[in-house]
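Data block below; observations after.
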Amino acid sequence: MKAAGASGVVGLTGLAGCIGGGGGGGPITFGSIHLLSGFASVYGESAKLGYQMAKEEINDDGGIDGREIGDIIYRDSEASPDTAVQHARNLVESEGVDLMIGLDSSGVALQVSPIMEQLQKPFMITHAATPFVTNMGDGDRAKGNKYVFRDGVNLAQNLYGAAKTAQKTNATSWTTIGPNYAFGTQTWEYFKAYTQAMDLGYEYMENATAYPSLGASDYTAHINKVIDAEPDGVVTSLWGGDLITFLKQAKNTDFFNVVDELLMTVGAATDVLRPMGADMPTNLWAGTRYWFLSPDSDANNTFRKNFLEANPGRPPSYNAQNAYTGLYLYKQAIESAGSTEPDAVIDALEGLEMSAPVGDLRINPDSHQAELPAVWGKTAHSDEWDVAVLDPVERIPAPAGTLRDLLSGSGWPAGV
Amino acid sequence: MGESFIESLARPSEWTSTHLAGLVGLLLVVAPFAIGSYQTYLLTDALILGLFATGFNVLYGYTGLLSFGHAMFFAGAGYTLAVFMTDGVSALGLGAIFGGATPLVALAIAVVVGVLVAVILAVPVGFLSVRLEEIYFAMITLSFSMAVYTIILQDYGGVTNGSDGITVILSEADLFGIGVPLLSRTVYYFLVLAIVAPSMYLLWRIVRSPFGTVLTAIRENPERAAAIGIDVRRQRWASFVISAAFSGLAGAIYIPLHNVVAPGIAHWSFSAEPVIMTVLGGPYSFAGPILGAFVFRYLRWFVTQYPFFQAHWQLVFGTLVLVVLLFFKQGVAGALKYGRRYVEARSMGEPEGEP
Amino acid sequence: MVELPVVEILTGLSLGSRLFLVALGLSLIFGVLGVLNFAHGALYMVGAYVTISVVQSVVGNFWVAAVLAGVGVGLVGVAMEVGFIRRIYERDQLDQLILTFAFVLIISDLTRIVWGSQSYTLDPPASLNNTVQIAGASFLTYRLFVIVAGIVAMAAFWYVLQRTFVGSLIRATSSDRQMSQLLGTNVSRLYTGVFALGSVIAGIGGALAAPLQAVTPGVGDQVIISAFVVVVIGGLGSFTGAFIGAMAIGLIQSFGTMWVRGADLFLPFVAMIIVLIFRPEGLFGEEGQ
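Residue numbers (our numbering), protein chains in the order written: chain A, 2 to 417; chain B, 1159 to 1513; chain C, -13 to 275.
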């Protein structure tokens, strides 16, 4: 057991306490499934940095109830639900991990969720954003169950922020460009649902919607389609390398002459900002699941400082923060429950509150989704950082009740 | 044979194929009780992939046509099963008819319908494809498969659920008062074995039949085959459809094991898997593909056990395929054959290496 | 909306010329060696990464980087051919395909090890990094350059093949290897040279593509299937075919996108199927090739 020290302790408050004394035994193991290969592998790599940092801090600080965090076994989902399900089964049945964490892709999460119910093991989703997995009930859009949790902002929360941001603009005709899969199309559906429920009177230009294939290398044809329709505003769910390619290519066309407002739902992610550097277009609206400079709290400032020390030049991404916070959430739950037994951990997680770097969060007991604000802002240059920043930036509260009300007629779940 | 089968077991060097088949059969029946739940899952998976590869090889090893599109049959049957199991059962009111046995009956019907869909797809695709050879055949099958992939991904018609896929979790069937948990690894293993074993036997009979000989003749020399009156195109078409049917069967029983059907199994990279398995195992023997499937599947599992390999599995796998390709030309089956001849030669007291 | 087709057409040609540069090398290697190089997309990707690294280093010059990318990838190609592909010429095409597929896995992972998985971006060279107005729409000058580069490459190739001695050797060997060998051609060196050349072109293709998109580890996979479609439609082994095929696919994608969701993925395969059914040797291929 390591001596408790002052090394890298982030000021996390919340329900502490070790009810029931030391845990059942040796180190606690975690199984983690992420995108570790392919064009989105930066997400898995980034998450690993978050896990490692949390593990070191927790172990240096005495572990969880005196038990060390042992192995975090990483597996590559390969963006395939099938592969991820096989890994999930392997990790639980063969490796015997105590708890599961991770997942980047929504499609994968939708398929892993029912499996966790079969395996009877909690899964803390750190990235995948589909609201369906924190929606319990019946039907195709209710894929949640008691074992599945999420500690990061989901698509419904993020799009609420987008709708509130759109409201601030003068744009009245809107269309979308997004990757050609559920994430892209659902972004548009949620945007429409919210803005309709908010009575903003928008015109939705369906003929101009463009859905390039995921990972396409050339968006010019799609950009042409959007330019042709001359919308006031465009909502885009393009992410990562695709968003970068799109921005670079759009810059050299008439896109920004014709379109007044561009809302990039995950535009302020570090995996976009860092490669773009000073080339990032400014004065565009961008959202993110975690903004490393917000909130200006002890928890976040300490986290950011420590992360930058460990990874120079690399501000923490939401993948890293969510991974980090995920382990801490488990820590708090295990200590509160006094064991790693699934039902006990689940009970402890429901309603659990914590001050994480991303902000004060609470795990909603009904949906198992973390209640967090949506973060949106305008891209701007910064003298202090090598990446573009959000200035101004707004933390838009997204209360569960509000979201559910607004979406109630649309058939789309809020997942919170 | 002047001695009994049992006595002949005492001399391993003289075991025939029958002996081996019997031994393998025995091991397969006993396995799930000895190896634990996860390993049973792996074994089931390997058996299904073995069927897929063997079905694929009817077209490649026996007929000489390399298809890069077999995923479309696997996926076609798989999606059919998934849609049937989720929507079809209720739509057709099967629950009311079969009561407790519904899960099992539904599964059986779904598998049959899945194979039918694969066949229905294979007939026109095969007809168009067998007019070509070699690389062009590979390219046209790849194109058809990718067209199917995009249709599945785009969810034209709202049936496939696009990139999110469909979940299939089997429930418990109630057969005459006995609960049969279809989701149980052991139960499903025996279901799969009950399908794969006869299918393999059927495939064995097909390639050993006069039809099989015709296919081999076509593979060796299509012009000569045509000269002696074989309708080359027609026989290739038949081989195509048969190959597709068994690949479809594999796809159908694959889905309940994996609980998920997603567009990825229609992608050309999935078509590459039976190709790799066949290369690894050796395309010119019947058992080659299934051996290759086992090697492939267990190697993939093995790689995940070691963090370094897991992080760079592409590198590891690529290198392994490279090595096998360069140094083990006939694949695992070839290596085994060589090993067996060596053993036989030794037991007969002849110098090693003699043919 | 009278100007619309012009924009679409130029977009299509721009898409097409990027495809052409990849398809050219693929077609060359297949035409002469009979090897369908699955790893061609991976080589293209390495070219893009090398370009970015060179530009970000002290050298800083895009053109130098492009040349170095071509040379670097050419060397990789030589290593592949001499070390591995050479051993399996006598074996059937399936084995060759699998071998090059194994290289896809290896090269992709090595690329990830060297450069990591994050996206890299590159600006077009300053002289070309501006827009021109064509038919009322803005168009990046660099894209026009890429279209021109494709045409120049096409012309250069045609010239070399038809009018030089080396070209005639290549043509002779591709139609009858044994005869060519009997007549004194060092076939094995020719093969290596052709493979190297094909790889160099792939590397340069990657270099030219780097300023237009984010460079990620998935770039190779994206491009290889499109390249297959192009060479099959155009005719395996025909460079005119690869050019026309690439432009055709670019235009189909450009126009198709306007009307059908997912067209950019779906239509090229439909086109390939149609060509394979009605004219399997490709639009410009020779019968029986």
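Glycine included, every Cβ here is placed at the ideal spot set by N, Cα and C.
Whole-angstrom distance between VAL146 of chain C and SER224 of chain C, CA atom to CA atom: 14 angstroms
Per-residue burial, LEU168 of chain C [other beta carbons within 10 Å of its own, 16 or more giving buried]: exposed
Exposure of LYS169 of chain A, with buried meaning 16 or more beta-carbon neighbours within 10 Å: Exposed.
Bridge-paired residues (DSSP) for TRP175 of chain A: A:TYR205, A:GLY234
Interfacial residues, the segment 1404 to 1421 of chain B to chain A, with Cβ spacing under 7 angstroms: HIS1416, ASN1417, VAL1418, ALA1420
Through-space distance from THR131 of chain A to PHE1191 of chain B, alpha-carbon basis: Cα-Cα distance, rounded: 39 angstroms.
Candidates C:GLN164, C:ALA257, C:ILE230, C:THR117: closest to LYS249 of chain A by CA position: C:THR117
Exposure of TRP1 of chain A, with buried meaning 16 or more beta-carbon neighbours within 10 Å: Nothing can be reported for residue 1 of chain A: it is not among the residues displayed for chain A, which extend from 2 to 417.
The alpha helix (DSSP H) enclosing GLN119 of chain C, as first and last residue numbers: Looking at the DSSP string, GLN119 of chain C is not in any alpha helix (DSSP H); the run it does join, the beta strand (DSSP E), is 117 to 120.
Cutoff 9 angstroms: VAL86 of chain A Cβ touching any chain B Cβ: True, the Cβ-Cβ gap to chain B drops below 9 angstroms.
DSSP state of TYR195 of chain A mapped onto helix, strand, coil: TYR195 of chain A: helix per DSSP, three-state reduction.
Partner residues on chain C for TYR1294 of chain B, Cβ-Cβ distance less than 7 angstroms: LEU262, PRO266
8 angstroms contact criterion, which LEU156 of chain A and PHE192 of chain A should meet: CB distance rounded: The beta carbons of LEU156 of chain A and PHE192 of chain A sit about 10 angstroms from each other, so the pair does not count as a contact at 8 angstroms.
CB contact below 9 angstroms: GLN1472 of chain B versus chain C: yes
Span of the alpha helix (DSSP H) around PRO1368 of chain B: Its alpha helix (DSSP H) spans residues 1368 to 1378.
Chain C contact for THR1141 of chain B (CB, 9 angstroms cutoff): A query on residue 1141 of chain B cannot be resolved here, the shown segment of chain B reaching from 1159 to 1513 and no further.
Residue-chain proximity (VAL1390 of chain B, chain C), Cβ-Cβ < 9 angstroms: no
Spatial distance of TRP101 of chain C from VAL390 of chain A (CA atoms): 25 angstroms
4-residue-minimum alpha helix (DSSP H) runs that sit fully inside the segment 1302 to 1382 of chain B, ordered along the chain: 1343 to 1366, 1368 to 1378
Which of helix, strand or coil DSSP assigns to LEU1223 of chain B: Three-state result, LEU1223 of chain B: coil.
Proximal residues of chain C, C-beta to C-beta of MET277 of chain A below 7 angstroms: THR107
GLU67 of chain C at chain A interface by Cβ criterion, 9 angstroms: no
CB contact flag (HIS1470 of chain B, ILE99 of chain C, <9 angstroms): yes
Pair within 9 angstroms by beta-carbon distance, GLY234 of chain A and THR173 of chain A: yes
Rounded straight-line distance, which links the Cα of THR271 of chain A to that of ASN320 of chain A: 9 angstroms
Chain C within 9 angstroms of GLN322 of chain A, Cβ atoms only: no
Min CB distance PRO358 of chain A to chain C below 9 angstroms: no
Three-state secondary structure assigned by DSSP to GLN370 of chain A: strand
Rounded distance between the beta-carbons of ASN1417 of chain B and THR1325 of chain B, thought under 8 angstroms: 6 angstroms
Exposure of ASP229 of chain A, with buried meaning 16 or more beta-carbon neighbours within 10 Å: So ASP229 of chain A ends up on the buried side.
Cβ pair LEU111 of chain A, ARG315 of chain A closer than 9 angstroms: no
Alpha helix (DSSP H) segment containing ILE259 of chain C, residue limits: 249 to 264
Touch test, the segment 31 to 44 of chain C against the segment 188 to 203 of chain C, Cβ-Cβ under 8 angstroms, three pairs minimum: yes
Distance, SER124 of chain C Cα to LEU13 of chain A Cα: For LEU13 of chain A, the predicted model reports a pLDDT of 34, less than 50, meaning its position is unreliable and no value from the coordinates is stated.
Backbone secondary structure at ASP392 of chain A - three-state DSSP: strand
Any 3 or more C-beta pairs closer than 8 angstroms across the segment 140 to 158 of chain A and the segment 114 to 121 of chain A: yes
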